[in-house]
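Protein sequences appear in the order of chains A and B.
Under the numbering used here, the first residue of the first sequence is numbered 1, with each subsequent residue one higher.
Under the numbering used here, the first residue of the second sequence is numbered 1001, with each subsequent residue one higher.
Number of protein chains: 2
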Amino acid sequence: MSTNYVRITPLGGLSGIGKNCTVFETERDIVVIDVGLQFPDEELLGVDLVIPDIAYLQENQKKIRGIVITHGHEDHIGALPFVLQELGAPIYATPLTRGLIEVKLRGAQRDAAQLKTLLPGSQITLGDFSITPYHVTHSIPDAVGLAIRTPLGLIVHSGDFKIDHTPIEGEALDLAALARFSAEGVLLLLSDSTNAESPGYTVSESELVDTFEQAFAAAPGRIIVTTFASLLSRIQLVIETAEQFGRRVAFAGRSMEQNTRIAHDLGHLRYPPGTMATLDQVNRMPDDEVCIVATGSQGEPNAALARMAQGRYRDVQLKEGDTVLISAKAIPGNETAIHRNVDDLFRRGANVIYGEKAGIHVSGHAAQEELKLVLNLLQPRYFMPIHGAYRMLQQHANLAMSLGFDPEHIFVMENGDRLKLTHHGAEMEESLELDDVYVDGSLVGDVGATILRDRRALAAEGFVIARVALTRGMQLAEEPEIISQGFVWIPDAEDLITEARQAIRKMVDSQNDDDAEALGRRIKRRLEDLFYNETRRRPVVIPVVTES
Amino acid sequence: MSTNYVRITPLGGLSGIGKNCTVFETERDIVVIDVGLQFPDEELLGVDLVIPDIAYLQENQKKIRGIVITHGHEDHIGALPFVLQELGAPIYATPLTRGLIEVKLRGAQRDAAQLKTLLPGSQITLGDFSITPYHVTHSIPDAVGLAIRTPLGLIVHSGDFKIDHTPIEGEALDLAALARFSAEGVLLLLSDSTNAESPGYTVSESELVDTFEQAFAAAPGRIIVTTFASLLSRIQLVIETAEQFGRRVAFAGRSMEQNTRIAHDLGHLRYPPGTMATLDQVNRMPDDEVCIVATGSQGEPNAALARMAQGRYRDVQLKEGDTVLISAKAIPGNETAIHRNVDDLFRRGANVIYGEKAGIHVSGHAAQEELKLVLNLLQPRYFMPIHGAYRMLQQHANLAMSLGFDPEHIFVMENGDRLKLTHHGAEMEESLELDDVYVDGSLVGDVGATILRDRRALAAEGFVIARVALTRGMQLAEEPEIISQGFVWIPDAEDLITEARQAIRKMVDSQNDDDAEALGRRIKRRLEDLFYNETRRRPVVIPVVTES
Chain A
1 MSTNYVRITP
11 LGGLSGIGKN
21 CTVFETERDI
31 VVIDVGLQFP
41 DEELLGVDLV
51 IPDIAYLQEN
61 QKKIRGIVIT
71 HGHEDHIGAL
81 PFVLQELGAP
91 IYATPLTRGL
101 IEVKLRGAQR
111 DAAQLKTLLP
121 GSQITLGDFS
131 ITPYHVTHSI
141 PDAVGLAIRT
151 PLGLIVHSGD
161 FKIDHTPIEG
171 EALDLAALAR
181 FSAEGVLLLL
191 SDSTNAESPG
201 YTVSESELVD
211 TFEQAFAAAP
221 GRIIVTTFAS
231 LLSRIQLVIE
241 TAEQFGRRVA
251 FAGRSMEQNT
261 RIAHDLGHLR
271 YPPGTMATLD
281 QVNRMPDDEV
291 CIVATGSQGE
301 PNAALARMAQ
311 GRYRDVQLKE
321 GDTVLISAKA
331 IPGNETAIHR
341 NVDDLFRRGA
351 NVIYGEKAGI
361 HVSGHAAQEE
371 LKLVLNLLQP
381 RYFMPIHGAY
391 RMLQQHANLA
401 MSLGFDPEHI
411 FVMENGDRLK
421 LTHHGAEMEE
431 SLELDDVYVD
441 GSLVGDVGAT
451 ILRDRRALAA
461 EGFVIARVAL
471 TRGMQLAEEP
481 EIISQGFVWI
491 PDAEDLITEA
501 RQAIRKMVDS
511 QNDDDAEALG
521 RRIKRRLEDL
531 FYNETRRRPV
541 VIPVVTES
Chain B
1001 MSTNYVRITP
1011 LGGLSGIGKN
1021 CTVFETERDI
1031 VVIDVGLQFP
1041 DEELLGVDLV
1051 IPDIAYLQEN
1061 QKKIRGIVIT
1071 HGHEDHIGAL
1081 PFVLQELGAP
1091 IYATPLTRGL
1101 IEVKLRGAQR
1111 DAAQLKTLLP
1121 GSQITLGDFS
1131 ITPYHVTHSI
1141 PDAVGLAIRT
1151 PLGLIVHSGD
1161 FKIDHTPIEG
1171 EALDLAALAR
1181 FSAEGVLLLL
1191 SDSTNAESPG
1201 YTVSESELVD
1211 TFEQAFAAAP
1221 GRIIVTTFAS
1231 LLSRIQLVIE
1241 TAEQFGRRVA
1251 FAGRSMEQNT
1261 RIAHDLGHLR
1271 YPPGTMATLD
1281 QVNRMPDDEV
1291 CIVATGSQGE
1301 PNAALARMAQ
1311 GRYRDVQLKE
1321 GDTVLISAKA
1331 IPGNETAIHR
1341 NVDDLFRRGA
1351 NVIYGEKAGI
1361 HVSGHAAQEE
1371 LKLVLNLLQP
1381 RYFMPIHGAY
1391 RMLQQHANLA
1401 MSLGFDPEHI
1411 FVMENGDRLK
1421 LTHHGAEMEE
1431 SLELDDVYVD
1441 GSLVGDVGAT
1451 ILRDRRALAA
1461 EGFVIARVAL
1471 TRGMQLAEEP
1481 EIISQGFVWI
1491 PDAEDLITEA
1501 RQAIRKMVDS
1511 QNDDDAEALG
1521 RRIKRRLEDL
1531 FYNETRRRPV
1541 VIPVVTES
């Protein structure tokens, strides 16, 4: 029995950055590609993580045949610990990705997880879907794109990729596989839009060899390199350059130690004999024989580099003569933290090499010319830009149109939008209503618009509690008390507090037959007005009226 | 009687961005250069503005002979309304700068202010200081640098500048004046470091003529340009390009209307006959004859462009075919807001031209080669990089060293650091302890570390009030009540609230001779533990214990 449709529903990965998760569905079967998380922006006060809304998958749990993961970055695997139980399906991932997932899952969860190894070139059948992963180059090893054969035709999902013909680690993107898919005929391409705003080609990782050599040659003392803990090709490059210059390499920071251990075990990192050392060991060596690879490329306050910059890292005390290389780009939203970090590093006397113009970082995503190459090579009938904010998706669509693609065959979608492929063509269906799901502390999903609105109000101006104890006769039993936090500096604001108390006293005296609750509401309104008029601030006012 | 020292104390403008304010001082006299404000970063919850700490100036008010303003940007004039009364000195500013200051000062303040007009090439004597402003090019007209003749020698203060040989508005930077200062001998140079991280030269404003023409030629419908309301050369360029393409120009946004009015009155904007129109008028014209110049280049939520992007601007409804040009760069910290804005504009069907690579913006600050030119031309004995975060100052110092300047003669300083020039040389003195002064609502200076810490705690997890009414015998008079905001979603958290109430009941029952206050403290600790264990959140817990 052949199926009549294939429906594609991105639950994440569009409209904004991160939490990649796309649902492929026929009448009978569902396959989920990636289950990532997103780090909250500064408006999501107190929120730790954002994960996709999987209500639709929960409703259709019986149809889920598998979860396929393209690579081991947080925005592709990070939500697994939160939703795995609800999805109850096997997870397919390449060996390194699998290793990174395993360390994320805790005890019982790891035991229950059905983790299966995915190898480029192999084929797995998940109900109506037959999936062949192909090797891509990206800023983490063992990354794949997916050829998804469906009853309606071949769909290619690019994963995150760039076309690096000379990667430092592993092989180049499998262009020959793309050529075969093209020959077979591609119904739909979903392609990475992260760098769709960048003209030209993304530079090869190998181009960094020279700039790292120059930086190492010029450094008079210790060298401290920070990069993403998952950017193993960069770490390999640092290790090889260090060896060349007679420096030993030590890792600093938990995720750096953890990731390099897994990668080394799986053969994705090679340690030249006698090159690796502990921080203890390098601390006893001459400065010009030391290289430290540290976490903290995004200015994270608890990472090794920020702690060094602020003198809070016991094992590495920065000093004049140190050279710090920031081999990473700012993930949008982290600019301020990174800049502050650089300022602090300079203050400690280190020389800092940073920023796009320093030439010590290249992106892991395809730029415009690479995106065009893939579009031209695959010649898909339909095209859906994925992985990116709306403007990036739109730029990717514009690229396709500049190549002559039919605008009617390009689908710039938002999370929850649904594209249905049938024998007659492709069309948008009514969208799913999705909510971002917030993780805050140990609770998932309880923080929503109301709590965030309350937190924003409290963040801006604090609160005031007006404690009013009444007698049974509704007279003041004692002086009203004003408790506040985050509102005004009380020693400077005695007059204001006195005024507030007087206002309460007057209201209690002049009230008639109010009950305590109504009186509380009136006190709240009166104090809000009073505080706004006197300070132009709007603290949250909570009346606590008790009767005895 | 000759003076023995000149002391330079930056109260702002170093270490971070903005609130430029530098004190020049001899035994007898003080001159203040610029009195700017800074916009708060996202950590300064609820803070509206940051202004310099002028305690030192208040203590030495009698010595202040004048305030000299280099140009009309907020980070150079914005703190005047808050500190003018305390400084009690005349303000010297060029005509446009003076006009912009006048609209900032309100009624009585404006009447009391002693505003004096400063003209490039003239000379004013303020006690021991004799000051000659010289014309510089910057992203606002009528900007000056200052030659400050002191009893110890000539000091040059660059103001904000770039070297634009072909500006769109006004004249080029007065290089001949710099040559004369050089011939006279420069004791100390203070020079703008904003673009000290940028290699090469800053492109001339005239280079934008071509890209604007291309953008206008390609636009099928209306053109909406956003830029800084003070970037009058850009606005002039847009007006002239619009005229060339037969489009009429309307302004949108209050600061755009206000600034262009002042600038036009003073001759800094030229309106070709028949080009200007109101929004009402352009709304009745064909789309390809319309150009709107709007506020909102930084993604400000209440500016015209953000309101258009969100469909909240009555006078301009965006539609397919509109072209939006974002002719500005992101001020650090505004990236997220700007990106969100671009996404929303694309969602409304507009084509958006934005970002550095679009070539529709040039900076107003000198890049590395220009900074080197000024250093080499002036050959100052001492050098103090100003206007920039610490890393920028350090980069500027590195540039000077690369030219052969003596590192001992370069002073990379922080706000409050003091440089003393004497007949014997230059040396750092003990620094002033400065606090940033925060404006929040109508109050200035009361928000400090404590209030911000409280606001951060409230922002992250909200608060819980535990209301406990006791009898005189220290027994519960009624059920304890839990009130919370921003903490958990109460309908989902009934069990947690019940548990908290039970914990309180148990504590009241099992207490011995505690007074209410001690009981309150114990309840606070107990609930903090309970909530953290159950939710991994740490709300602010306030016990309100009443006895009747």
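Ideal Cβ placement from N, Cα and C applies to all residues, glycine included.
Quiz prompt | Closer than 8 Å at the beta carbon, the chain B residues around A:A459 | solution = L1045, G1046, R1455, R1456, L1458 and A1459
Quiz item: Where does A:F212 sit, in a helix, a strand or coil, going by DSSP?
Solution: helix
Quiz prompt | Test: B:L1443 CB closer than 8 Å to a CB of chain A | solution = yes
Practice problem: Return the first residue and the last residue of the alpha helix (DSSP H) that A:F463 is part of. | Solution: Here A:F463 belongs to no alpha helix (DSSP H); instead the beta strand (DSSP E) covers F463 to L470.
Quiz prompt | Closest residue to A:S314 among A:A367, A:H76, A:G253 and A:N259 (Cα-Cα distance) | solution = Checking the sequence shown, residue 314 of chain A turns out to be Arg, not Ser. Checked all of A:A367, A:H76, A:G253 and A:N259; the closest Cα to A:R314 is A:G253.
Practice problem: Answer with yes or no whether the minimum CB distance from B:R1536 to chain A is below 8 Å. | Solution: yes
Quiz prompt | CA-to-CA distance, B:V1352 to B:F1346, given in whole angstroms | solution = 7 Å
Quiz item: Is the segment 212 to 225 of chain A touching the segment 374 to 386 of chain A, taking contact as three or more C-beta pairs under 8 Å?
Solution: No, the segment 212 to 225 of chain A does not touch the segment 374 to 386 of chain A.
Practice problem: Let me know if A:S158 comes out buried or exposed under the rule of 16 or more other beta-carbons within 10 Å of its beta-carbon. | Solution: buried
Quiz item: In this structure, what does DSSP give as the bridge partners for A:P491?
Solution: According to DSSP, A:P491 bridges with nothing at all.
Practice problem: Report the three-state DSSP secondary structure of A:H365 (helix, strand or coil). | Solution: coil
Practice problem: Give the straight-line distance between the Cα atoms of A:L269 and A:T226, rounded to the nearest whole angstrom. | Solution: 17 Å
Self-check item: Neighbour-count burial assignment, B:L1084, 16 or more Cβ in a 10 Å radius
Solution: buried
Exercise. Using a cut-off of 8 Å between C-beta atoms, extract the partners of A:L332 located in chain B.
Key: For the sequence presented, residue 332 of chain A should be read as Pro rather than Leu. Within 8 Å Cβ-Cβ: E1335, T1336 and H1339.
Quiz item: Among A:G486, A:M474 and A:I338, which has the Cα closest to the Cα of A:M507?
Solution: A:M474
Exercise. Please name the residue or residues paired with B:T1125 in a DSSP beta bridge.
Key: B:S1130
Quiz item: Hey, is A:G486's beta-carbon within less than 8 Å of any beta-carbon in chain B?
Solution: yes
Exercise. Starting from the Cα of A:D446, find the closest Cα among A:D48, A:E213, A:A108 and A:Y5 and give me that residue.
Key: A:D48
Quiz item: When you compare only the Cα positions, how much space is there between B:E1335 and B:D1287?
Solution: 30 Å
Practice problem: Name the residue from B:N1259, B:A1449, B:R1222 and B:F1245 whose alpha carbon lies nearest to the alpha carbon of B:I1235. | Solution: B:N1259
Practice problem: Check the Cβ of A:T546 against every Cβ in chain B and list those closer than 8 Å, keeping chain order. | Solution: R1467, A1469, T1546 and S1548
Quiz item: Taking all protein chains shown into account, do 16 or more other C-beta atoms lie within 10 angstroms of the C-beta of B:K1062, making it buried, or fewer, making it exposed?
Solution: exposed
Self-check item: Residues sharing a beta bridge with B:Y1056, DSSP
Solution: Paired residue(s): none; B:Y1056 is not in a bridge.
Quiz prompt | Sequence-distant residues of the same chain with beta carbon closer than 7 Å to A:G246, five excluded per side | solution = Result list for A:G246: E289, in chain order.
Exercise. Determine, using beta carbons only, whether A:P407 comes closer than 8 Å to chain B.
Key: no
Practice problem: Answer with yes or no whether the minimum CB distance from B:M1001 to chain A is below 8 Å. | Solution: Confidence at B:M1001 is low in this model, with a pLDDT of 48, below 50, so its placement is unreliable and the value that follows should be read with caution. Under the 8 Å criterion on CB atoms, B:M1001 is classed as non-interfacial with respect to chain A.
Exercise. Taking the CB atoms as reference points, tell me whether B:G1200 and B:E1369 lie closer together than 8 Å.
Key: Closer than 8 Å, so yes.
Quiz prompt | Three CB pairs or more closer than 8 Å across the segment 116 to 131 of chain A and the segment 21 to 34 of chain A | solution = yes
Quiz item: Nearest-angstrom Cα distance between A:H409 and A:L189?
Solution: 11 Å
Quiz item: Who does A:T70 pair with in a DSSP beta bridge?
Solution: DSSP output for A:T70 lists no bridge partner at all.
Quiz item: So, B:R1559 versus B:I1483, is the Cβ gap smaller than 8 Å?
Solution: Beyond the ends of chain B as shown, which are 1001 and 1548, falls residue 1559 of chain B; an answer cannot be given.
Quiz item: What residues in the segment 26 to 56 of chain A have a beta carbon less than 8 Å from any beta carbon of chain B?
Solution: Within the segment 26 to 56 of chain A, the residues whose Cβ lies closer than 8 Å to some Cβ of chain B are D41, E42, L45 and G46, listed in chain order.
Quiz item: Short check: CB of B:L1178 to CB of B:V1412, under 8 Å?
Solution: no
Quiz item: For the putative contact between A:A250 and A:I292, defined by C-beta atoms under 8 Å, what is the C-beta separation to the nearest angstrom?
Solution: A:A250 to A:I292, Cβ: 5 Å. Contact.
Quiz item: What is the rounded straight-line gap between the Cα of A:M1 and the Cα of A:Q109?
Solution: Here the model assigns A:M1 a pLDDT of 48, short of 50, so the residue's position is not dependable and the matter cannot be decided.
Practice problem: Would you kindly work out how many angstroms separate the C-alpha atoms of B:G1121 and B:D1142, rounded to a whole number? | Solution: 13 Å
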